[in-house]
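From first to last, the protein sequence lines are chains A and B. Residue -3 is where the first sequence starts when you use this note's numbering, and the numbers rise one by one after that. Residue 2 is where the second sequence starts when you use this note's numbering, and the numbers rise one by one after that. Glycine included, every Cβ here is placed at the ideal spot set by N, Cα and C. Only one structure is covered here, and it is reproduced in the block below.
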Amino acid sequence: MKRQIAEIGDWVEHRTGLIGALQHFLYEDIPASSGWHQVFGSLALFLFMVQAFTGILLAFNYAPTPGEAYDSLRYILTELTAGSLIRGLHHWGASMIIVVVVLHMVQVFLYGAYKRPRETTWMIGVVLFLVTLAYGLTGYLLPWDNRAYWGTTVTTQIAAMSPGVGAYLTQLLGAANGVGVVTFARFYAVHVLILPPATILLVALHVYLVRKHGVAPVPGDELKPKKRFFPVQVFKDTVAIFLAFALLFVMAVAVHVPLEQVADPTDTSYIPRPEWYFLCLFQLLKLFNGPLEVVGAVVLPGLTVLALILAPFLDRGQVVKVTRRFVAIGIVLLGALGWSALTMAAVASTPPQEAAVDFSYPVEWMNLTPDQLATSTLPNIPAFVLHGAAVYRASHCSACHSVNGAGGKIGPVLNGLAKRQTRSWVEDHFADPQKLSPGTSMPPYPMSPQDRDSLTSYLFSLPDQ
Amino acid sequence: MDDVPPVETLQPERTTRRGFYVSAINGLMAIVTAALGIPALLYLFTPARQKKPDVWAEAGDIASLTPNSPVELVFRHTRVDGWRVIAEKGTAWVVKYDDSHIVAFGPNCTHLGCAYHWDGSQKDFFCPCHNSVFSIDGKVVSGPAPRPLDRFQTKLQGNKLLIGELKKSGESQA
């Protein structure tokens, strides 16, 4: 058996040279100092492959046009086996890859590994970082729920502020008349047609350069014998990959990714929030007002990227031990501090979202009447719906109004209320109907704030009929 | 770098450590591959848990049908296609054997899905694609068709014929 395998191996090697190439790759010499701190590059590459794999699986059941995109994603989440898991892996994988890419950059930066002759390796790495962010930005729109729509509206308007090129950029993003079908098509095209081949090309160049110059040594390495990449360093990389994947898998199973209602461009009460890794930019914007806004929106982020790209030319000294690189450590600490402060401020200033239905679960209960909701055994009915329907029954709203076809005909049908009125109008109306609808026969309904919130949220969650 | 030492030349104690590393790498990667591969296979090969829309569609009045004379009836029904629920036209070949016994056959030949029709002179269903012939009770008479005609579930509401889901006929029924 062993002999046959060896013979097949010889045959393949003789015809293709692939086995020799693999051995050449695996038995690369690496400095004696190599170790656990260098696992992040392999980890980032692994996570990119997970994203590609789960992304392709999602694309097998996803229709990339607004409306259909939302329906097909709901189909993946509520009707396909493991669909929710695969979306969870893709969603949390996107966050994890950003964390890992940043850790990779921090490690290289702290060790000064970008110095001569590795400047181009570093610069391509910075471009790969930007590509990673571009995946996050374009992927954010693809579920086409309210969160996606309003988040992207803010993003495209920030792009429009870019000095000189803003108008062209908006045109290119297909967002000249607001976020719409054209924007969606372009974001999808960038996400699946432009970024993946660009990533593959850049990663190939990046890895080629790492092999050409070798893994960066630290002072003192020249005195010690070199190590080989395989198997010890590959083992360390694999352990890191395994631990990261285990964490990703647990998050995909345990931390549910919600799906909001389908994008509603008329929903003026919606408060958009970007993904967590863009919160710092979002907050930075708030520090600048009026004509200075462009500084926070474009100039400062642009200068940061420029400084990153030029880092190897700004810091040209000899490589010293990482523990002696006080300036680099200071810059990383300052960056981490600034990022944390901005992100925490953004989180702290986030107003609580109104209770809303999570459409990543089946919502058959939506067609029930308030009376049926009292005794329903259907799964996943949100607490605010049960409470809101209880307030509805206790206040005898159905004497005059109807919901899902059941109730009185004196007052207006409550399905579609969200399309007709704003939330604050409805809440004020409960307290004093005469003030907002003069001549109405509806009496005032004083309620506790909690009851009023639940009732309003419940009425706003009713399906259109 | 180019003169990679073959495994055999390494010292024994290094070989065991090396063996541990290689097994650990293979084992951990196998777990990761399985954790990605098994959900992917389930995702691709398990049928969707489709929500069943109300399937009963009104196809017409059976009082007007002549016994043992099949007619093609048209009805509106909803069909689930992936994430879409489509309201569309459906047809069925309906045969009234007597007032209590009515069958609605699916409109496609069980061979390759062509539309067959009732041949009034021969008193059988004939598929023009590959000459499959079915008797009035849907059984295969001749031709390449592998199984009898598929039947819709039916219900009678007074004289109204309601047509439900299409059930695939089994070979055993032939």
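Does A/Thr234 have its Cβ less than 8 Å from a Cβ in chain B?
-> yes
What residues from chain A crowd round B/Val56, counting only those whose CB sits closer than 8 Å?
-> Per Cβ cutoff of 8 Å: no residues; B/Val56 is ~16 Å from chain A at best.
Within the same chain, show all residues whose beta-carbon is closer than 8 Å to that of A/Val228, passing over the 5 residues directly before and after it, in chain order.
-> none
B/Leu157 to B/Pro129, Cα distance in whole Å?
-> 32 Å
Identity of the residues DSSP links to B/Ala88 by a beta bridge = B/Thr79
Given that a residue counts as buried once 16 or more other Cβ atoms are within 10 Å of its Cβ, and exposed if not, what is A/Ile120?
-> buried
Does the distance from the CB of A/Pro254 to the CB of A/Asp367 come in under 8 Å?
-> no
Measure from the C-beta of B/Ile87 to each C-beta in chain A and report whether the shortest distance is under 8 Å.
-> no
What did DSSP end up calling B/Asn109 once you bin it into helix, strand or coil?
-> strand
Is the number of C-beta pairs between the region 93 to 112 of chain A and the region 307 to 324 of chain A that are closer than 8 Å three or more?
-> yes
At a CB-CB cut-off below 7 Å, which residues of chain A make contact with B/Val23?
-> Pro227
Taking C-alpha atoms, which residue in A/Ser68, A/Lys415, A/Ala379 lies nearest to A/Leu451?
-> A/Ala379
Report back the beta-carbon spacing between A/Glu271 and A/Ala352 to the nearest angstrom; my notes put them in contact at under 8 Å.
-> Actually they are not in contact, since the Cβ atoms of A/Glu271 and A/Ala352 sit about 18 Å apart, beyond 8 Å.
As assigned by DSSP and simplified to three states, the class of B/Ser143 | strand
Supposed close pair A/Ser265, A/Arg143 - CB separation, criterion 8 Å = Wrong, their Cβ atoms sit about 14 Å apart, outside the cutoff.
Enumerate, from N- to C-terminal direction, the unbroken alpha helix (DSSP H) stretches of 4 or more residues contained entirely within the region 253 to 317 of chain A.
-> 275 to 282, 296 to 310
Is B/Met2 close to chain A, meaning its C-beta is less than 8 Å from at least one C-beta of that chain?
-> The predicted model places B/Met2 with a pLDDT of 44, which falls under 50 and marks its position as unreliable; any figure quoted below should be read in that light. Chain A, which has a Cβ nearer than 8 Å to the Cβ of B/Met2, makes this yes.
Using a cut-off of 7 Å between C-beta atoms, extract the partners of A/Thr77 located in chain B.
-> Leu43, Tyr44, Thr47
Quick one: list the residues of chain A neighbouring B/Ala36, beta-carbon separation under 8 Å, in chain order.
-> Phe241, Phe245
May I ask you to list the residues that DSSP assigns as paired with A/Thr371?
-> None; A/Thr371 has no bridge partner.
By how many angstroms is the C-alpha of A/Ser394 removed from the C-alpha of B/Gly61?
-> 38 Å
So what's B/Leu167 in DSSP terms, helix, strand or just coil?
-> strand
Within its chain, find whatever has a CB closer than 8 Å to the CB of B/Leu163; leave out the 5 residues flanking it on each side and keep chain order.
-> Trp57, Ala58, Glu59, Ala60, Thr155, Lys156, Leu157
Taking the alpha-carbon positions, what's the B/Gln174 to B/Gly139 distance?
-> Unreliable placement is indicated for B/Gln174, whose pLDDT of 43 sits below 50; no coordinate value is reported for it.
Does DSSP classify B/His102 as helix, strand or coil?
-> strand
Let me know the secondary structure DSSP gives A/Val104 once reduced to three states.
-> helix
Would DSSP call B/Asp151 helix, strand or coil?
-> coil
Chain A beta carbons: is any one of them nearer than 8 Å to that of B/Arg1?
-> The structure shown does not extend to residue 1 of chain B, since chain B is modelled only from 2 through 175, so no value can be given for it.
Show which residues of chain A have a CB atom less than 8 Å away from the CB atom of B/Val33.
-> Ile237, Phe238, Phe241
Using the DSSP secondary-structure output, state which residues sit across from A/Ile26 in a beta bridge.
-> A/Lys223
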